[in-house]
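What follows is a set of notes on a single structure, which appears directly below.
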Amino acid sequence: MASFTVGTAPAYISGHGRAYIPAPTVIAGVTDELIQAARSALDAAYVPYSDYTVGAALRTADGTVFTGCNVENANYSNSLHAEEVAVAGAVKSGYREFDRLAVSSGVRDGVTPCGMCRQTLAEFCADDLPVVCDEGGESTTTYTLGELLPATIGPETLESAERSEKPD
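Here the UniProt record's numbering is used: the first residue of the sequence shown is 1, the next is one more, and so on.
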(Lines of atoms letter the chains of each structure in order from A and count residues from 1; the text may use other names and numbers.)
(Lines give C-alpha, C1' and ligand atoms only; values in the text may rest on other atoms or scores of the structure.)
Protein backbone atom coordinates (compact mmCIF):
# COMPACT_ATOMS: atom_id res chain seq x y z
CA MET A 1 0.00 0.00 0.00
CA ALA A 2 1.18 3.49 -0.82
CA SER A 3 1.16 5.97 2.05
CA PHE A 4 0.82 9.74 2.21
CA THR A 5 -0.47 12.33 4.66
CA VAL A 6 -3.70 14.26 4.89
CA GLY A 7 -2.88 17.34 6.94
CA THR A 8 -0.72 15.74 9.59
CA ALA A 9 -2.48 12.36 9.60
CA PRO A 10 -0.87 9.39 7.84
CA ALA A 11 -3.13 7.61 5.36
CA TYR A 12 -2.99 4.76 2.85
CA ILE A 13 -4.19 4.04 -0.68
CA SER A 14 -5.59 0.61 -1.45
CA GLY A 15 -4.16 -1.45 -4.28
CA HIS A 16 -6.98 -0.18 -6.50
CA GLY A 17 -6.22 3.45 -5.68
CA ARG A 18 -9.84 4.12 -4.72
CA ALA A 19 -9.88 4.11 -0.95
CA TYR A 20 -7.71 5.42 1.79
CA ILE A 21 -7.72 4.50 5.42
CA PRO A 22 -6.71 7.16 7.92
CA ALA A 23 -4.52 6.08 10.79
CA PRO A 24 -6.82 6.27 13.82
CA THR A 25 -6.21 7.43 17.36
CA VAL A 26 -7.20 4.67 19.79
CA ILE A 27 -7.93 5.75 23.35
CA ALA A 28 -8.16 2.86 25.79
CA GLY A 29 -10.01 3.32 29.06
CA VAL A 30 -12.42 5.93 27.71
CA THR A 31 -16.12 5.35 27.39
CA ASP A 32 -17.83 8.71 27.41
CA GLU A 33 -21.46 9.74 27.57
CA LEU A 34 -21.76 10.07 23.79
CA ILE A 35 -20.58 6.48 23.26
CA GLN A 36 -23.02 5.36 25.95
CA ALA A 37 -25.84 7.20 24.13
CA ALA A 38 -24.87 5.52 20.84
CA ARG A 39 -24.81 2.13 22.57
CA SER A 40 -28.23 2.79 24.09
CA ALA A 41 -29.65 3.61 20.65
CA LEU A 42 -28.73 0.09 19.49
CA ASP A 43 -31.72 -1.28 21.40
CA ALA A 44 -34.16 0.64 19.20
CA ALA A 45 -32.70 -0.55 15.87
CA TYR A 46 -35.12 -2.27 13.49
CA VAL A 47 -32.98 -4.84 11.67
CA PRO A 48 -35.11 -7.90 10.81
CA TYR A 49 -33.06 -8.75 7.71
CA SER A 50 -29.41 -8.33 8.67
CA ASP A 51 -29.38 -8.25 12.49
CA TYR A 52 -26.67 -5.57 12.04
CA THR A 53 -27.48 -2.92 14.63
CA VAL A 54 -25.94 0.55 14.55
CA GLY A 55 -26.47 3.39 16.99
CA ALA A 56 -25.32 6.99 16.68
CA ALA A 57 -25.24 9.99 18.99
CA LEU A 58 -24.76 13.48 17.57
CA ARG A 59 -23.95 16.40 19.88
CA THR A 60 -24.95 19.93 18.93
CA ALA A 61 -22.81 22.99 19.57
CA ASP A 62 -24.90 23.75 22.69
CA GLY A 63 -24.51 20.20 24.07
CA THR A 64 -27.90 18.75 23.09
CA VAL A 65 -27.59 15.11 22.03
CA PHE A 66 -29.67 13.44 19.31
CA THR A 67 -29.52 9.68 18.88
CA GLY A 68 -30.37 7.50 15.93
CA CYS A 69 -30.53 3.83 15.06
CA ASN A 70 -30.68 2.04 11.76
CA VAL A 71 -34.11 1.15 10.38
CA GLU A 72 -34.08 -1.54 7.70
CA ASN A 73 -36.51 -2.05 4.86
CA ALA A 74 -36.98 -5.14 2.70
CA ASN A 75 -35.75 -2.90 -0.12
CA TYR A 76 -32.31 -2.21 1.38
CA SER A 77 -31.92 1.06 -0.53
CA ASN A 78 -34.86 2.44 1.49
CA SER A 79 -33.20 1.65 4.81
CA LEU A 80 -32.24 4.49 7.13
CA HIS A 81 -28.81 4.65 8.74
CA ALA A 82 -28.29 5.57 12.40
CA GLU A 83 -26.25 8.68 11.58
CA GLU A 84 -28.92 9.90 9.13
CA VAL A 85 -31.63 9.44 11.74
CA ALA A 86 -29.63 11.42 14.32
CA VAL A 87 -28.92 14.24 11.84
CA ALA A 88 -32.56 14.34 10.71
CA GLY A 89 -33.81 14.58 14.29
CA ALA A 90 -31.42 17.42 15.05
CA VAL A 91 -32.22 19.32 11.86
CA LYS A 92 -35.97 18.85 12.44
CA SER A 93 -35.46 20.44 15.86
CA GLY A 94 -33.72 23.45 14.32
CA TYR A 95 -30.08 22.53 14.91
CA ARG A 96 -27.45 23.04 12.22
CA GLU A 97 -24.15 23.10 14.17
CA PHE A 98 -22.62 19.95 15.60
CA ASP A 99 -19.39 19.33 17.49
CA ARG A 100 -19.09 15.55 17.92
CA LEU A 101 -20.52 12.23 16.70
CA ALA A 102 -20.27 8.77 18.23
CA VAL A 103 -21.18 5.50 16.49
CA SER A 104 -21.53 1.98 17.85
CA SER A 105 -22.47 -1.40 16.45
CA GLY A 106 -23.91 -4.37 18.25
CA VAL A 107 -22.29 -6.69 15.72
CA ARG A 108 -18.68 -5.55 15.39
CA ASP A 109 -16.23 -3.17 16.98
CA GLY A 110 -14.72 -0.29 15.04
CA VAL A 111 -17.76 0.59 12.94
CA THR A 112 -17.45 3.89 11.04
CA PRO A 113 -20.12 5.85 9.18
CA CYS A 114 -20.64 4.71 5.59
CA GLY A 115 -19.88 7.02 2.67
CA MET A 116 -23.46 8.23 2.34
CA CYS A 117 -23.61 9.14 6.04
CA ARG A 118 -20.23 10.86 5.81
CA GLN A 119 -21.57 13.02 2.98
CA THR A 120 -24.72 13.80 4.98
CA LEU A 121 -22.56 14.88 7.93
CA ALA A 122 -20.42 17.03 5.61
CA GLU A 123 -23.52 19.05 4.72
CA PHE A 124 -23.64 20.37 8.29
CA CYS A 125 -20.23 19.72 9.86
CA ALA A 126 -16.70 20.97 9.42
CA ASP A 127 -13.87 18.64 8.40
CA ASP A 128 -12.57 18.72 11.98
CA LEU A 129 -15.74 17.14 13.46
CA PRO A 130 -14.55 14.34 15.79
CA VAL A 131 -16.15 11.00 14.86
CA VAL A 132 -15.75 8.63 17.81
CA CYS A 133 -16.06 4.95 16.88
CA ASP A 134 -16.86 2.35 19.52
CA GLU A 135 -14.20 -0.37 19.75
CA GLY A 136 -16.08 -2.28 22.44
CA GLY A 137 -15.37 -2.33 26.14
CA GLU A 138 -13.72 0.91 27.14
CA SER A 139 -11.88 1.62 23.86
CA THR A 140 -12.73 4.12 21.15
CA THR A 141 -11.12 5.24 17.91
CA THR A 142 -11.45 8.87 16.87
CA TYR A 143 -11.23 10.16 13.31
CA THR A 144 -12.09 13.57 11.95
CA LEU A 145 -14.80 13.83 9.32
CA GLY A 146 -12.15 15.17 6.93
CA GLU A 147 -10.07 12.03 7.43
CA LEU A 148 -13.07 9.82 6.72
CA LEU A 149 -14.26 11.89 3.74
CA PRO A 150 -11.50 13.82 1.99
CA ALA A 151 -12.36 16.08 -0.96
CA THR A 152 -16.04 16.16 -0.06
CA ILE A 153 -18.78 17.60 -2.23
CA GLY A 154 -20.22 20.64 -0.48
CA PRO A 155 -22.17 23.80 -1.26
CA GLU A 156 -18.97 25.49 -2.44
CA THR A 157 -18.47 22.67 -4.98
CA LEU A 158 -21.85 23.38 -6.53
CA GLU A 159 -21.29 27.15 -6.46
CA SER A 160 -17.95 26.68 -8.22
CA ALA A 161 -19.58 24.53 -10.91
CA GLU A 162 -22.29 27.14 -11.51
CA ARG A 163 -19.70 29.91 -11.92
CA SER A 164 -17.54 28.02 -14.39
CA GLU A 165 -18.21 28.36 -18.09
CA LYS A 166 -20.19 25.59 -19.61
CA PRO A 167 -19.22 24.33 -23.08
CA ASP A 168 -21.56 25.25 -25.93
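C-beta atoms are modelled at their ideal positions from N, C-alpha and C, and glycine is treated no differently.
Determine the burial state of residue i: buried for a count of at least 16 other Cβ atoms within 10 Å of its Cβ, exposed for fewer.
i: Glu135; result: buried
i: Arg59; result: buried
i: Ile35; result: buried
i: Glu84; result: buried
i: Ala161; result: exposed
i: Thr64; result: exposed
Compute the minimum distance between the beta carbon of residue i and the heavy atoms of the ligand NAD, and state whether it is under 7 Å.
i: Asp32; result: The ligand NAD is not among the ligands present in this structure, which contains no ligands whatsoever.
Output the distance between the C-alpha atoms of residue i and residue j, rounded to the nearest integer angstrom.
i: Tyr76; j: Gln119; result: 19 Å
i: Asn73; j: Ala37; result: 24 Å
i: Val91; j: Ser164; result: 31 Å
i: Arg108; j: Ala41; result: 15 Å
i: Cys114; j: Leu149; result: 10 Å
i: Leu121; j: Thr157; result: 16 Å
i: Glu97; j: Val47; result: 29 Å
i: Ala151; j: Asp127; result: 10 Å
i: Ser104; j: Cys133; result: 6 Å
i: Gly146; j: Tyr49; result: 32 Å
i: Phe66; j: Ser93; result: 10 Å
i: Met116; j: Asn70; result: 13 Å
i: Asp43; j: Thr53; result: 8 Å
i: Gly154; j: Glu138; result: 35 Å
i: Pro130; j: Glu159; result: 27 Å
i: Glu33; j: Tyr95; result: 20 Å
i: Arg39; j: Ala57; result: 9 Å
i: Asp51; j: Ala102; result: 20 Å
i: Phe124; j: Asn78; result: 22 Å
Bridge partners for residue i per DSSP, in chain order?
i: Cys133; result: Val103, Thr141
Pop quiz: residue i and residue j are said to be a contact at Cβ under 8 Å. What is the actual Cβ separation, rounded to whole angstroms?
i: Asp99; j: Ala61; result: 5 Å
i: Ala82; j: Gly55; result: 5 Å
i: Gly110; j: Thr144; result: Contact doesn't hold; Cβ gap of about 16 Å is too wide.
i: Ala86; j: Gly68; result: 3 Å
Handout entry: Contained beta strand (DSSP E) runs [length at least 3] in the segment 31-118, N- to C-terminal order
Key = Runs found: 54-60, 65-69, 98-105.
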